[in-house]
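What follows is a short report on a single structure.
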Amino acid sequence: MRIVQSVDEMHDLALSWRRQGREVGFVPTMGYLHRGHTTLIELMRARSEVLVVSIYVNPLQFGPTEDLTRYPRDPEGDAAKCAAAGCDVLFMPNNLYPSDFRTTVSVRDITTRWEGAHRPTHFDGVATVVCRLFGLVQPTAAMFGEKDYQQYTVLRSMARDLAMGIEIVPGPLVRDEDGLALSSRNVYLSPDQRRRALSLHRALFQMRAMTDRSAAVRIAAGLEAIDSDGVDYLAIVDPDSLEPVDIIDRPLRAILVARYGSVRLLDNVAIG
Ligand code: AMP
Numbered sequence: 150m151r152i153v154q155s156v157d158e159m160h161d162l163a164l165s166w167r168r169q170g171r172e173v174g175f176v177p178t179m180g181y182l183h184r185g186h187t188t189l190i191e192l193m194r195a196r197s198e199v200l201v202v203s204i205y206v207n208p209l210q211f212g213p214t215e216d217l218t219r220y221p222r223d224p225e226g227d228a229a230k231c232a233a234a235g236c237d238v239l240f241m242p243n244n245l246y247p248s249d250f251r252t253t254v255s256v257r258d259i260t261t262r263w264e265g266a267h268r269p270t271h272f273d274g275v276a277t278v279v280c281r282l283f284g285l286v287q288p289t290a291a292m293f294g295e296k297d298y299q300q301y302t303v304l305r306s307m308a309r310d311l312a313m314g315i316e317i318v319p320g321p322l323v324r325d326e327d328g329l330a331l332s333s334r335n336v337y338l339s340p341d342q343r344r345r346a347l348s349l350h351r352a353l354f355q356m357r358a359m360t361d362r363s364a365a366v367r368i369a370a371g372l373e374a375i376d377s378d379g380v381d382y383l384a385i386v387d388p389d390s391l392e393p394v395d396i397i398d399r400p401l402r403a404i405l406v407a408r409y410g411s412v413r414l415l416d417n418v419a420i421g
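Start counting the sequence shown at 150; every next residue gets the next number (the working numbering).
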């Protein structure tokens, strides 16, 4: 596995692969890798000639009060995990943006609700960094985890709207053995918070198992089952538009964010 830290070196490599007509798979991350990330890397490995993983904690997607400086990092451990999962090139730039960077990529409508309502600048930051990473890596396909379901739909819209010619592939949400959705932020949880957070996936799976067609009834049951310091949202939405629905009559998505102290945990399941 080759480790690339320079933006120019990454771009030169990508252009040489493009000239050779290689199928380049890409998995962007912010590092502190867990089995959720390595599962995506292994899945992309199986369908790519060349596999690139990036690790970059993107300042643009953090709000002013968020955890950018204390975001967990483990570059050596991450490199070992990437190599073991079959990564060819690990792109870990120290700085991704030129000092006079002027562009923002903004996806409308589906970014205003849910995560967007709680983190107003977040999806502009995500779309902008992924757009720049796509330009540098020139992938034919990129995988994003359904763990961040809204992020996956936003990036799929971006790639389609801008005719990027990059296939956006969803990766399955990977859970810990006890069912908690794996997240780099789980390290911030106290043992008691982590135990209470098990109520999140239980609530979602309970909502999924119910037969009532009313979204409101299932959401009320889910809220009842959650033990947290506050639920930012629990909704049943159309899987493409992310608009809330009233009646569960087709494949939909139940999406959830709950707080434990200052930690926000995301989870979701397919429903209906
Ligand atoms: P992050 O490092 O948190 O930005 O995540 C990088 C990629 O890994 C994103 O596409 C995430 O959706 C994905 N990811 C994070 N956690 C999980 C998980 N538990 N299961 C599947 N994919 C995940």
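Where is the CB? At the ideal position from N, CA and C, for every residue including glycine.
Going by Cα to Cα distance, which pick from the options is closest to residue i?
i: V380; options: T214, S363, G410 and R402; result: G410
i: R151; options: L347, V201 and D161; result: V201
i: R357; options: A419, G185, C236 and N207; result: A419
i: V176; options: C231, E215, M359 and N207; result: C231
i: T289; options: Q299, R343 and S197; result: S197
i: G265; options: Y382, R305, G320 and W166; result: Y382
i: C236; options: T188, V303, L329 and I396; result: T188
i: L285; options: R399, E191, A163 and D249; result: A163
i: V153; options: V279, Y205, R219 and T218; result: Y205
i: Y301; options: L391, Y181 and V173; result: L391
i: P269; options: E215, A365 and D398; result: E215
i: A339; options: Y220, V412 and A369; result: The sequence given here places Ser at residue 339; Ala does not occur at that position. Closest option to S339, Cα to Cα, is V412.
i: D258; options: N417, R399, D395 and D389; result: D389
i: A291; options: L282, S348 and H267; result: L282
i: G180; options: D395, M313 and N207; result: N207
i: M159; options: V238, H183, L192 and G174; result: V238
i: P224; options: E373, H183 and D297; result: H183
i: L192; options: A228, G174 and L209; result: G174
i: G421; options: D361, D378 and S377; result: D361
i: P221; options: D378, D341, Y337 and M307; result: Y337
i: A229; options: L311, I190, R399 and Y298; result: I190
i: S377; options: P393, Q355, E326 and D341; result: D341
i: D273; options: Q210, T218 and L372; result: Q210
i: W263; options: N243, P242 and Y298; result: Y298
i: E316; options: Q287, F240 and K296; result: Q287
i: L217; options: P393, S333 and F240; result: S333
i: S260; options: S248, R305, P247 and R399; result: The identity of residue 260 in the sequence shown is Thr, whereas the question assumes Ser. Closest option to T260, Cα to Cα, is R305.
i: D161; options: F240, D325, E373 and L311; result: F240
i: T178; options: P242, L372, D310 and P247; result: P242
Since residue i and residue j are thought to touch, with beta carbons under 8 Å apart, how far apart are those beta carbons, to the nearest angstrom?
i: D387; j: L401; result: 6 Å
i: A234; j: R194; result: 7 Å
i: L331; j: V323; result: 5 Å
i: V199; j: R171; result: 5 Å
i: G320; j: G294; result: 4 Å
i: A407; j: L414; result: 6 Å
i: H271; j: G212; result: 7 Å
i: R343; j: N335; result: 7 Å
i: I385; j: I397; result: 6 Å
i: R367; j: M359; result: 5 Å
i: D422; j: L353; result: A question about residue 422 goes unanswered here, because the residues of the chain that appear run from 150 up to 421.
i: A370; j: D395; result: A370 to D395, Cβ: 16 Å. No contact.
i: L245; j: V303; result: Not quite, the Cβ-Cβ distance comes to about 19 Å (not below 8 Å), so this is no contact.
i: V256; j: M307; result: 5 Å
Any idea which residues DSSP pairs residue i with across the strands?
i: P319; result: F293
i: S348; result: Its beta-bridge partners do not exist; DSSP assigns none.
i: Y409; result: V412
i: F175; result: V201 and A291
i: S333; result: Looking at the DSSP assignment, S333 forms no beta bridge with any residue, so it has no partner.
i: G379; result: R408
i: F240; result: V153 and S203
i: L401; result: I420
i: R262; result: None, per the DSSP bridge assignment.
i: P393; result: V386
i: R324; result: A330
i: S363; result: I396
Do residue i and the ligand MG come close, with the Cβ less than 7 Å from some heavy atom?
i: I404; result: The ligand MG is not among the ligands present in this structure, which contains only the ligand AMP.
Under a CB-based cut-off of 8 Å, is residue i close to chain B?
i: A358; result: You won't find chain B in this structure, because it holds only one protein chain.
Below 6 Å from a heavy atom of the ligand AMP - residues by beta-carbon: For the ligand AMP, the residues with a Cβ under 6 Å from any of its heavy atoms are, in chain order, T178, M179, G185, H186, L189, F293, G294, K296, D297, G320, L322, V323, A330, L331, S332 and S333.
Is there contact between the region 265 to 285 and the region 242 to 254, where contact requires at least three CB pairs shorter than 8 Å? Counting Cβ pairs under 8 Å, three or more are found: they touch.
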